[in-house]
Structures are given as structure tokens and as C-alpha cells.
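K.L.:
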Amino acid sequence: HDIRPAVVSFHFGLPPQELLARVRECGAKILSSATTVDEARWLESNGVDAIIAQGDEAGGHRGMFLTDDITTQLGTFALLPQVVKAVRIPVIAAGGIADTQGVVAALALGAAGVQVGTAFLLCPEATTSPVHRAALKSAAARHTALTNLFTGRPARGILNRIMKELGPMSAAPPAFPLATAAIAPLRAKAESCGSGDFSPLWSGQNASGCREIPAAQLTRDLAGAR
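What follows is the structure, given as C-alpha cells:
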């Protein structure tokens, strides 16, 4: 209770009700990600204050929690208006938004705001690893795919050697997050040699907005849409 964040954002649904109640006691607004309309309705019925509509373009883990069928995953600008129509609480757009035009488009479709991730990965404040930064600045960033090899859950990252050789999606992935520990020694050795062949190079489909500028400046640039 000494720490009272203004907002707490969850992924993969919501935690148990007793933990959620403790978060509410701190006065924090509660957000969580929805990747389908059904998930958005479920989150609203369970009392979140706002929903993050996570489009398929988004980098990193899919927030999916009511299904593991990746064919249900829609692009941001297909998902967003459906979620806005389905719920009565604010909806935040996420996935593939990297510039002011993307912000304007999301707001025009009813979003109350946007969540941007990939565009900040080259900012000096980001803890992005050297091999990850190199990949984001290379032509490889144009090639992303959903993969469950690194954690057992679908997540979007830049295509690399392990994803190519094993296929990005395993039919029998280890339970989340056991794969992370299993691949850690191989990943560490490769990264020490300057290789990201066995690293999760999380990135959305639109890495064009990645710039090596301070995060505050990038935020102001994105906010210029308003």
C-alpha cells in the first residue's frame, strides 16, 4: 500500500479477484488487453476501467485469454471499431501505431487513446539489448511473425534463425513460461557473440516509427496529432 500507481495494466486477462480487489483499494485505474470482442465484453463485465484493443500487428505477446486460436486475431483497425461498439468504457488502440497518422486514424475509429510500444524500442531510455536494437535497425525488421517458441505463448517478433529452422509456431509448445528458461543458455551464448539468432526480438509489424530519440520527444511527436 506504500506504492499507489495511478494505473495498473494487465495482460492475459485479469488476476484472481482477491488480488484485483487489493489493486482497487490503492485507487488505481485497471486496464487489460482484449484481442477479440468476446474478451472485451468479458473484461467490461469484470470491472476494468478501460480496454486495450490489441491488434494482430502488435509486437510481443498476444493478450489472448479466452481462446488459443490465432485465426481469431484481427488487425487493429478491424478490431478497434468492433470493440468500441461492443462496450461502454474507454477503448485504447494498440498494434502497428507508430506515427501521428496512426494516432489520428485510431481516434477517428473511436479510440479514447493509443498505446505504442515498438516505436519506443530504440529510444535511449529503453533497455532493448544490442542485438535487438541491431535487428530493429536492419531490413530484417520488415519480417515479423507470431511465435510460441520462446515462451509457449504466441508473441510477435522479428523472424530469426530459430523461428525459420523450427517454424515460428510449435504444435506442442511447453507450458508458459518454461521455454524461456530452457532456451536461456543458448540465447545468452549467442548474444555474447553478437547474434540474435536465438533471442526473442519482439517487434510489431510497423517498426518504421522506431527512432533513436528521447522517449519524451517521441511522445510529443505522437501527441502532435491532437
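The sequence shown begins at 69 in the numbering used here and counts up by one. The C-beta atom is built at its ideal place from N, Cα and C for all residues, glycine as well. Treat the numbers as computed from the prediction; the structure is a model and nothing was measured.
#1: To which residues of the same chain is residue 184 closer than 6 angstroms at the C-beta, ignoring the five residues directly before and after it?
#2: Which complete alpha helix (DSSP H) runs does the segment 194-237 hold, if anything under 4 residues is left out?
#3: I'd like to confirm the pairing. Which residues does DSSP put opposite residue 78 in its beta bridges?
#4: Determine the burial state of residue 240: buried for a count of at least 16 other Cβ atoms within 10 Å of its Cβ, exposed for fewer.
#5: Which residue marks the beginning of the alpha helix (DSSP H) containing residue 85, and which one marks its end?
#6: For residue 342, which three-state DSSP category applies?
#7: What is the DSSP secondary structure of residue 141, reduced to helix, strand or coil?
#8: Please state whether DSSP places residue 184 in a helix, a strand or coil.
#9: Helix or strand or just coil, what does DSSP make of residue 292?
#10: Might you give, ordered along the chain, the residues of its own chain that have their beta carbon closer than 6 angstroms to the beta carbon of residue 293, omitting 5 neighbours on each side?
#11: Spatial neighbours of residue 220 within its chain, please: CB distance less than 7 angstroms, with the 5 preceding and 5 following residues excluded, ordered by chain position.
#12: Helix, strand or coil, according to DSSP, for residue 118 in the structure here?
#13: Counting along the chain, where does the beta strand (DSSP E) carrying residue 161 start and finish?
#14: Across which residues does DSSP place residue 131 in a beta bridge pair?
P.N.:
In short:
#1: 165
#2: Entirely contained in the segment 194-237, the alpha helix (DSSP H) runs reaching 4 residues are, in chain order, 198-204, 229-234.
#3: 100
#4: Its Cβ having fewer than 16 others within 10 Å, residue 240 is exposed.
#5: Judged by DSSP secondary structure, residue 85 falls within the alpha helix (DSSP H) whose first and last residues are 85-93.
#6: Outside the displayed span of the chain (69 to 294) sits residue 342, for which this structure offers no information.
#7: coil
#8: In the structure shown, the three-state DSSP call for residue 184 is coil.
#9: Per DSSP, reduced to three states, the secondary structure at residue 292 is coil, with no helix or strand assignment.
#10: With a pLDDT of 44 at residue 293, under the threshold of 50, the modelled position of this residue cannot be trusted, and the question is left open.
#11: 241, 242, 243, 244, 245, 246, 247
#12: Strand at residue 118.
#13: 159-162
#14: Residue 131 is not bridged to any residue.
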